[in-house]
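Each residue of the sequence shown is one higher than the one before, starting from -16 at the first, in my numbering.
Positions of the beta carbon are idealized from the N, C-alpha and C atoms, including for glycine.
Bear in mind the structure is a predicted one, so any value in this text is a computation, not a measurement.
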Amino acid sequence: MLLLQTGASPYAPLMLTVVAVAALMVIVRIVSKMGRALSAMAEALVFALVVIVTLAIWLAIVAT
-16 MLLLQTGASP YAPLMLTVVA VAALMVIVRI VSKMGRALSA MAEALVFALV
34 VIVTLAIWLA IVAT
């Protein structure tokens, strides 16, 4: 969130989203080793979370 406050660059939210997606993919890989059903649920939750976070970041930028 510091990137948004400083307004470092217009690409800050995109980079933040990419980093978040990469981290979440690693989490999903770890979870998938625990069980397939849990993995499918986790992937759906991760996808929803990424969409919500991305929209929230872009709305915060558009609003300023």
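- One Cα belongs to Met(-2), the other to Ile35, and the distance between them is close to 16 Å.
- Straight-line measurement puts the Cα of Ile44 at about 18 Å from the Cα of Val2.
- Glu26 and Val11 do touch by the CB rule: their CB atoms are close to 6 Å apart, below 8 Å.
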